[in-house]
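Quick notes on the structure that follows.
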Amino acid sequence: MDIRFNAAQRALRDELRGYFAGLMTPALRAECERDMGEGGGPLWREALRRMGEDGWIGLGWPESLGGRGLSPLEQFIFVEEVMRAGYPFPFLTTESVGPMLAEHGNPWLQETLVPRILRGELVIAIGYSEPEAGTDLAALRTRAERDGDGWVINGQKMWTSLAHFSDYIWLAARTDADAGRKHKGISLFLVPTSDPGFSCRPVHTLGGVRTNATFYDNVRVSDAHRVGELNGGWKLITGQLNRERLSLINFGPVSELFNAVHHWAAETDAASGGRVIEQAWVQQHLARCRTLIECMKLMVYKQSWAMSTGQLGMAEASAIKVFGSEAFIEIFRLLGEVVGPAALQRAGSPGANAVGGRLERLYRTASIITFGGGANEIQRDIIAAAGLWMPRSGR
Amino acid sequence: MDFAFSDTQAAIRELAGRICEEGVEATGLARYDEFRDLRFDAGLWQTLCDAGLPGVAVPEVLGGSGQGLVELCLLLEAVGHSLAPVPALAHTVTGLLPLQRYATPALQAAILPAACRGERLLTGAFWQAADAPPTTLQAELQDGEIRLSGSYPALPWAAQADHLLLPVRLQGELAVVLLDRDSPGLTLTPLQLTHFEPQAALALEGVALPLERVVCREEAHALWDWVRLRLRAGLCVQQLGAAERVLRMSAGYTSERHQFGVPVATFQAVGHRLADAFIDVECLRLTSWQAISRLAAGENAELETRMAAVVAADTGHRLSYAAQHVHGGTGIDRDYPLWRYCQWLRYQEMVLGGAGQQLEIIGRGLARGEGLFT
Ligand SMILES: Cc1cc2nc3c(=O)[nH]c(=O)nc-3n(C[C@H](O)[C@H](O)[C@H](O)COP(=O)(O)OP(=O)(O)OC[C@H]3O[C@@H](n4cnc5c(N)ncnc54)[C@H](O)[C@@H]3O)c2cc1C
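If you read the protein sequences in the order shown, they are chains A and B. Residues 15 to 409, numbered by our numbering, are exactly what the first sequence covers, in order. Residues 102 to 475, numbered by our numbering, are exactly what the second sequence covers, in order.
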């Protein structure tokens with residue numbers, strides 16, 4: 015029992031801080047800001063490739079797959095630091111789809127796509143949700159039908175984030191409409207967005223984040239683009255979602271935000287006299303946020319340690335997702351109160367300050383992960399069943 | 102980074118858990134309800150001492166097992182989990198630990214081996230929720246000895262202990278002394294606390310104490326802070342033990358109890374309330390063990406113990422009411438074990454100083470620039 019980084023891990027973190035200080039040029043920052051923190055621009059692409067070249071993306075991957083052979087804990091330190099630096103890292107590609115391809119992909123996928131992911135050359139979007147299939151994902155209707163050696167895909171996906179600059183869609187489609195249960199009969203495909211039958215329309219959300227409706231009109235792929243067992247896609251979906259959940263909660267950016275608000279409150283005069291931070295209620299709010307972020311930090315540390323030692327529990331992973339997503343909302347509210355009216359001004363507004371502008375936006379984006387990545391109700395169901403052994407009702 | 106217990110720690114945990122659970126099983130806790138019997142199972146305490154558990158963090162030359170704070174906290178977690186009627190926290194964290202760290206070799210040799218064997222019981226006046234050393238205990242130098250006077254409101258196990266470790270004002274300065282409980286001029290008034298633990302109000306009137314019984318003067322503030330950190334961590338891990346038990350009890354009960362033809366656990370609202378409790382307990386576990394492992398490594402852990410205290414207070418309160426609620430009437434039926442746990446969750450929440458006070462102190466530290474993320 016020793017809940018501290020060792021010297022090598024601390025050194026790695028410091029090295030990464032230095033690295034990202036150099037990587038995040040003002041021009042790249044401006045581009046990411048313009049793209050609403052999603053990336054996709056030319057400088058963003060170039061930076062991703064550089065991270066790949068410098069061996070960071072595959073830090074915790076086995077050397078046989080082109081990685082550096084360190085543990086998931088080191089990989090986690092890298093992801094925390096890249097997020098903390100404010101770079102919109104395509105973590106779904108690298109941390110969730112990538113490992114699934116490495117584990118379940120056919121040799122062609124493993125040999126061609128996985129190394130390109132680690133080199134920072136590929137971005138993959140997730141195509142699960144549909145207009146009529148949200149939390150009940152297994153209700154999806156997009157279908158893939160045999161066509162000679164390959165497949166023809168038809169249907170519509172909703173909320174396909176990053177699809178407008180992705181190279182592939184990790185797509186769930188029905189391959190057996192007659193399977194007895196709706197979880198059966200689903201298969202996973204990697205669909206190239208360059209296919210003429212693929213199209214994409216923007217969907218704009220409250221937080222300014224762009225996502226997409228994507229359409230599949232007689233999209234043709236070879237059987238080599240299919241991942242894992244035929245009609246065994248549900249296992250891949252849940253496996254990917256487990257990994258996704260773990261990468262949704264990062265304490266790096268929120269701890270950096272906390273420090274920034276603290277700095278602001280220590281430097282700024284309060285209307286009632288003295289500095290903002292001298293007010294008792296501000297101290298109370300900051301202390302509450304500090305404690306919430308500490309809990310989040312410890313939970314994600316434990317999760318990455320558990321991944322390194324192969325002891326990751328389902329209930330713990332869901333607990334992080336619920337706690338983290340709800341803590342973010344509470345933290346943004348409390349920090350917003352500390353910053354006050356400035357937290358209502360858009361980043362570009364005349365006289366807006368940097369932390370206020372960030373909080374204005376974060377407050378608008380915070381709801382996504384309470385229902386996305388598996389609604390928190392489902393996560394609580396999982397905790398009750400897997401963590402507390404409580405029986406669950408049939409669904 | 103390692104979240105697992107070592108093999109030795111796992112063995113200690115198993116041993117402490119087994120002795121406590123079996124001890125409580127053998128006699129039950131009902132006889133201590135409403136102060137009928139003194140809430141002290143001397144036989145169980147002796148068994149724990151014979152197994153070397155209270156002295157687990159004391160060096161072997163002084164009669165202990167030479168382990169550390171992590172190992173001691175495994176005992177405290179087991180006490181919280183079982184509600185074993187033993188003075189573990191008072192005897193170890195407010196007695197053995199400060200003596201082993203701060204007392205003179207002579208005093209250590211006189212007290213510690215016997216205290217590890219269970220022949221002497223220790224307690225100390227470090228429970229101030231206000232978090233500052235008491236100002237109500239005075240000491241004067243008179244004719245080469247010390248005269249003590251004053252009072253202390255609620256001292257756990259004072260009437261059962263052989264020696265009391267007291268922070269006093271000696272010529273106006275903080276000092277820590279070790280007083281025998283049977284000293285003339287010392288009066289103890291037993292109190293009735295919500296959780297039935299033996300506690301007493303202490304009154305001293307011209308109590309004589311030889312100079313050798315001054316544990317420290319220059320380092321008295323350091324001793325106070327040192328004990329407070331460990332007491333906070335110890336209370337948190339005891340809270341964790343109790344909370345874990347309540348959580349499992351609630352999950353088990355709702356899985357068995359049927360209404361509308363199904364287990365009540367299958368109602369999503371019930372499952373979700375306990376899922377939230379699961380998350381609270383996980384946070385308590387992580388913050389507590391972080392604080393303990395940092396203290397064990399010789400770090401200060403001021404902030405970490407206080408954050409753990411906030412979580413311990415919030416978790417105790419929320420879990421207690423969630424558990425009572427999902428049990429329905431059974432939860433407060435005195436023939437069912439939950440209610441005693443609720444009393445302990447409450448006591449530990451309050452004696453930690455409560456979430457509000459801890460947040461205030463963390464917030465003041467932040468305003469001084471302490472505790473930012475690195
Ligand atoms: C910005 C954004 C990005 C997204 N990115 C992607 C992406 O890249 N790829 C992708 O496939 N999807 C993506 N999604 C979709 C996301 O995963 C879904 O929004 C999510 O699965 C919920 O589905 P829904 O929106 O249809 O809500 P619904 O399924 O209609 O659920 C609405 C609410 O009903 C309640 N509810 C539903 N089922 C239950 C239940 N069993 N028990 C209790 N309560 C329940 C919950 O409160 C839930 O929040 C994205 C969504 C957004 C907004």
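Just so it is clear, CB atoms sit at the ideal spot from N, CA and C, and this is done for glycine as well.
Coarse secondary structure for residue i, derived from DSSP in three states
i, result
"K198/A", "coil"
"P206/B", "helix"
"D103/B", "strand"
"S252/B", "strand"
"D151/B", "helix"
"N256/A", "helix"
"I138/A", "strand"
"A147/A", "strand"
"D68/A", "coil"
"F105/A", "helix"
"T225/A", "strand"
"I247/B", "strand"
"T39/A", "coil"
"F212/A", "strand"
"G54/A", "coil"
"E220/B", "coil"
"A239/B", "The amino acid at residue 239/B is misidentified as Ala; the sequence shows Gln. Strand, per DSSP."
"E471/B", "coil"
"D243/A", "For clarity, residue 243/A is Glu in the given sequence; the question names Asp instead. Reduced to three states, the DSSP call for E243/A is coil."
"Q464/B", "It should be pointed out that residue 464/B corresponds to Gly in this sequence rather than to Gln. Helix at G464/B."
"L145/B", "helix"
"V157/B", "coil"
"D134/B", "helix"
"I183/A", "strand"
Within chain B, the residues that residue i reaches when beta carbons sit closer than 9 Å
i, result
"V336/A", "A376, D377, I380"
Interface partners of residue i on chain A, CB under 9 Å
i, result
"M408/B", "A301, R304, T305, E308, C309"
"A394/B", "It is worth fixing the name first, because residue 394/B is Ser in this sequence and not Ala. In chain order: M15, D16, I17, R18."
"V461/B", "Residue identity differs from the one stated: residue 461/B is Glu in this sequence, not Val. Going along chain A in sequence order, the residues near E461/B (Cβ under 9 Å) are A294, Q297, Q298, A301."
Within chain B, the residues that residue i reaches when beta carbons sit closer than 8 Å
i, result
"F34/A", "Correct list: empty, because the minimum Cβ distance to chain B is about 16 Å."
"N20/A", "M102"
"M492/A", "Only positions 15 to 409 of chain A appear in this structure, which leaves residue 492/A out of reach."
"A329/A", "F379"
"K316/A", "F104, L387"
Partner residues on chain B for residue i, Cβ-Cβ distance less than 7 Å
i, result
"K249/A", "Within 7 Å Cβ-Cβ: nothing; K249/A doesn't reach chain B, min ~24 Å."
Neighbouring residues, chain A, relative to residue i (Cβ below 7 Å)
i, result
"I364/B", "Position check: residue 364/B holds Pro in this sequence, whereas Ile was assumed. Chain A residues near P364/B: P405."
Under 8 Å by beta carbon: chain A residues contacting residue i
i, result
"R465/B", "Q297"
"V347/B", "Chain A residues near V347/B: none, gap ~12 Å exceeds 8 Å."
"L473/B", "F272, N273, H276"
"W43/B", "Nothing about residue 43/B can be reported from this structure: the residues present for chain B run from 102 to 475 only."
"V412/B", "T305, C309"
#### Entry: Cβ contact (3+ pairs, closer than 8 Å) linking the segment 452-465 of chain B and the segment 333-346 of chain B
The segment 452-465 of chain B vs the segment 333-346 of chain B: in contact.
#### Entry: Residues from the segment 393-408 of chain A in contact with chain B, defined by Cβ distance under 7 Å
For the segment 393-408 of chain A, the set of residues with a beta-carbon nearer than 7 Å to any beta-carbon of chain B comprises R394, D395, I397, A398, G401, L402, W403, M404, P405, R406, S407, in chain order.
### Query
Hey, which unbroken runs of the alpha helix (DSSP H) at 4 residues or more fall wholly within the segment 336-396 of chain A?
List check, alpha helix (DSSP H) in window: 368-379, 382-385, 390-396.
### Task
Jot down the residue ranges of each uninterrupted alpha helix (DSSP H) in the segment 291-366 of chain B, minimum 4 residues, whole runs only, in chain order.
Taken in chain order, the complete alpha helix (DSSP H) segments of 4 residues or longer contained in the segment 291-366 of chain B are 321-357.
#### Entry: Segments assigned alpha helix (DSSP H), at least 4 residues, entirely inside the segment 171-200 of chain B
Qualifying alpha helix (DSSP H) stretches, in chain order: 189-192.
### Task
Select from the segment 143-166 of chain B all residues with a C-beta closer than 9 Å to any C-beta belonging to chain A, and list them in chain order.
Cβ contacts with chain A come from no residue of the segment 143-166 of chain B.
### Query
Got a sec: which bits of the segment 85-117 of chain A sit with their beta carbon under 7 Å from any beta carbon on chain B, in order along the chain?
Cβ contacts with chain B come from L87.
### Query
Between the segment 27-38 of chain A and the segment 86-96 of chain A, do three or more beta carbon pairs fall short of 8 Å?
Short answer: they touch.
### Task
Select from the segment 260-283 of chain A all residues with a C-beta closer than 8 Å to any C-beta belonging to chain B, and list them in chain order.
Here the close residues are S269, E270, F272, N273, H276, A280.
### the segment 114-130 of chain B / the segment 142-149 of chain B touching (three or more Cβ pairs under 8 Å)
With a cut-off of 8 Å, the segment 142-149 of chain B and the segment 114-130 of chain B count as touching, because enough Cβ pairs lie within range.
### Message
Any contact between the segment 205-223 of chain A and the segment 375-383 of chain A? By contact I mean 3 or more CB pairs, one from each, below 8 Å.
### Response
With the cut-off at 8 Å, the segment 205-223 of chain A and the segment 375-383 of chain A touch.
### Task
Give a yes or no on contact between the segment 146-166 of chain A and the segment 394-403 of chain A, applying the rule of three or more CB pairs nearer than 8 Å.
A contact is defined here as three or more CB-CB pairs under 8 Å, and the segment 146-166 of chain A fails this definition with respect to the segment 394-403 of chain A.
#### Entry: the segment 344-357 of chain A touching the segment 114-127 of chain A, judged by at least three CB pairs closer than 8 Å
No, they do not touch.
### Task
Starting from the N-terminal side, write out each stretch of the alpha helix (DSSP H) that is 4 residues or longer and does not extend beyond the segment 369-403 of chain B.
If we require 4 residues or more, the alpha helix (DSSP H) runs fully inside the segment 369-403 of chain B come out as 369-397.
### Where the segment 309-341 of chain B meets chain A: residues whose CB sits under 8 Å from a CB there
So the list is empty, because no residue satisfies the distance condition.
### Message
Could you check whether the segment 239-253 of chain B touches the segment 296-303 of chain B, counting it as contact only if at least three pairs of C-beta atoms, one from each stretch, sit closer than 8 Å?
### Response
The way I'd put it, the segment 239-253 of chain B does touch the segment 296-303 of chain B; three or more beta-carbon pairs between them come closer than 8 Å.
### Task
Could you say if the segment 379-397 of chain B and the segment 431-444 of chain B meet the contact criterion of at least three C-beta pairs nearer than 8 Å?
Verdict: no, contact absent.
### Task
Can you give me, in chain order, the residues of the segment 438-454 of chain B that have a beta carbon less than 8 Å from any beta carbon in chain A?
Taking 8 Å as the Cβ-Cβ cut-off against chain A, none of the residues of the segment 438-454 of chain B qualify.
### Residues, ordered as in the chain, of the segment 341-355 of chain A that lie near chain B by beta-carbon distance below 8 Å
When CB distances to chain B are screened at a threshold of 8 Å, not a single residue of the segment 341-355 of chain A falls below it.
### Query
Are there three or more Cβ pairs, one per stretch, closer than 8 Å when the segment 280-287 of chain B is compared with the segment 232-246 of chain B?
Verdict: no, contact absent.
### Message
At a CB distance below 8 Å, what residues from the segment 191-221 of chain A approach chain B? Give them in sequence order.
### Response
Residues passing the 8 Å Cβ filter: none.
### Query
Which of the residues in the segment 368-391 of chain A, read from start to end, lie with their CB under 8 Å from any CB of chain B?
Among the residues of the segment 368-391 of chain A, those with a Cβ less than 8 Å away from any Cβ of chain B are E391, in the order of the chain.
### Query
Three or more beta-carbon pairs under 8 Å between the segment 232-244 of chain A and the segment 282-302 of chain A, yes or no?
By the Cβ rule, the segment 232-244 of chain A does not count as touching the segment 282-302 of chain A, because fewer than three pairs are nearer than 8 Å.
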